[in-house]
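Residue numbers (my numbering): 475 to 658.
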Ligand SMILES: CC(C)(COP(=O)(O)OP(=O)(O)OC[C@H]1O[C@@H](n2cnc3c(N)ncnc32)[C@H](O)[C@@H]1OP(=O)(O)O)[C@@H](O)C(=O)NCCC(=O)NCCS
């Protein structure tokens with residue numbers, strides 16, 4: 475499987491950020507990354523060490539994603555290490571496949587450097603260039619202020635609420651549903 479680099483950026487910090495699609499050799503690093511970021515905030519759907527795919531299962535997942543023209547997964551890499559992962563996918567049923575959903579995370583040591591924004595730009599550009607996608611949706615914990623600010627910066631608006639959708643460490647929190655309707 476060929477490595478496909480989407481973009482290289484010099485961050486304000488001077489670090490060199492590579493944005494590229496995953497390949498099979500990334501499987502172990504991606505599992506370690508997800509098990510780490512799960513414990514760095516209460517804002518993801520899994521906590522520390524709660525991401526349970528084996529390396530073989532992750533390789534199969536990477537192959538499926540790379541062969542799916544309705545999905546883009548992007549890794550953010552600094553100094554050879556995965557520091558962020560983001561994904562956008564069309565919904566699978568034909569009648570709703572012009573809608574897409576995204577997910578995004580960045581390693582805590584790297585927050586606030588522009589990596590989340592760089593990943594968001596790739597996902598939105600994929601959606602803009604995709605023949606079907608008209609809308610991008612996401613769900614975010616109501617208390618996840620930084621993420622909500624980031625989504626608003628990219629034009630997402632709040633369209634709904636799932637009351638007490640999250641239950642993390644004994645506390646309920648709402649899920650805010652946000653949409654970005656593409657002008658195309
Ligand atoms: C949300 C997240 C992806 C942002 O990544 P990041 O690399 O820190 O993002 P950036 O540095 O590009 O900042 C993007 C925007 O987010 C907002 N933001 C980020 N940190 C902020 C802070 N401390 N205070 C206010 N706004 C903030 C700002 O709008 C910022 O844009 P600006 O710098 O132009 O003002 C990251 O914090 C993260 O992974 N959090 C844990 C996982 C998570 O919550 N994922 C989303 C689940 S829905």
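Glycine included, every Cβ here is placed at the ideal spot set by N, Cα and C.
The structure presented is a predicted model; accordingly, all values stated were derived computationally and were not measured.
{"Check": "Simplified DSSP state of residue 528, which is helix, strand or coil", "Outcome": "coil"}
{"Check": "Euclidean distance between Cα positions of residue 534 and residue 621", "Outcome": "30 Å"}
{"Check": "Other residues of its chain near residue 607: CB distance less than 7 Å, five sequence neighbours each side excluded", "Outcome": "564, 572, 574, 601, 656"}
{"Check": "Residue 590 CB to nearest heavy atom of ligand 1 below 7 Å", "Outcome": "yes"}
{"Check": "Any non-hydrogen atom of ligand 1 within 7 Å of residue 579 CB", "Outcome": "yes"}
{"Check": "Same chain, Cβ closer than 6 Å to residue 652, neighbours up to 5 away in sequence not counted", "Outcome": "612, 625, 630, 632"}
{"Check": "Spatial distance of residue 619 from residue 516 (CA atoms)", "Outcome": "12 Å"}
{"Check": "Where residue 441 sits in the DSSP three-state scheme", "Outcome": "Only positions 475 to 658 of the chain appear in the structure, and residue 441 is not among them; the question remains open."}
{"Check": "Beta-bridge pairing of residue 556 - partner residues as DSSP gives them", "Outcome": "551"}
{"Check": "Local conformation of residue 573 per DSSP, three classes", "Outcome": "strand"}
{"Check": "Residue 586 versus residue 609 - alpha carbon distance", "Outcome": "27 Å"}
{"Check": "Same chain, Cβ closer than 8 Å to residue 527, five either side skipped, listed in chain order", "Outcome": "505, 535"}
{"Check": "Cβ-Cβ distance between residue 493 and residue 592 below 8 Å", "Outcome": "yes"}
{"Check": "Within 8 Å, strictly: CB atoms of residue 556 and residue 549", "Outcome": "yes"}
{"Check": "Ligand 1 heavy atom lying under 7 Å from the CB of residue 614", "Outcome": "yes"}
{"Check": "Nearest-angstrom Cα separation, counted from residue 579 out to residue 490", "Outcome": "18 Å"}
{"Check": "Local conformation of residue 654 per DSSP, three classes", "Outcome": "strand"}
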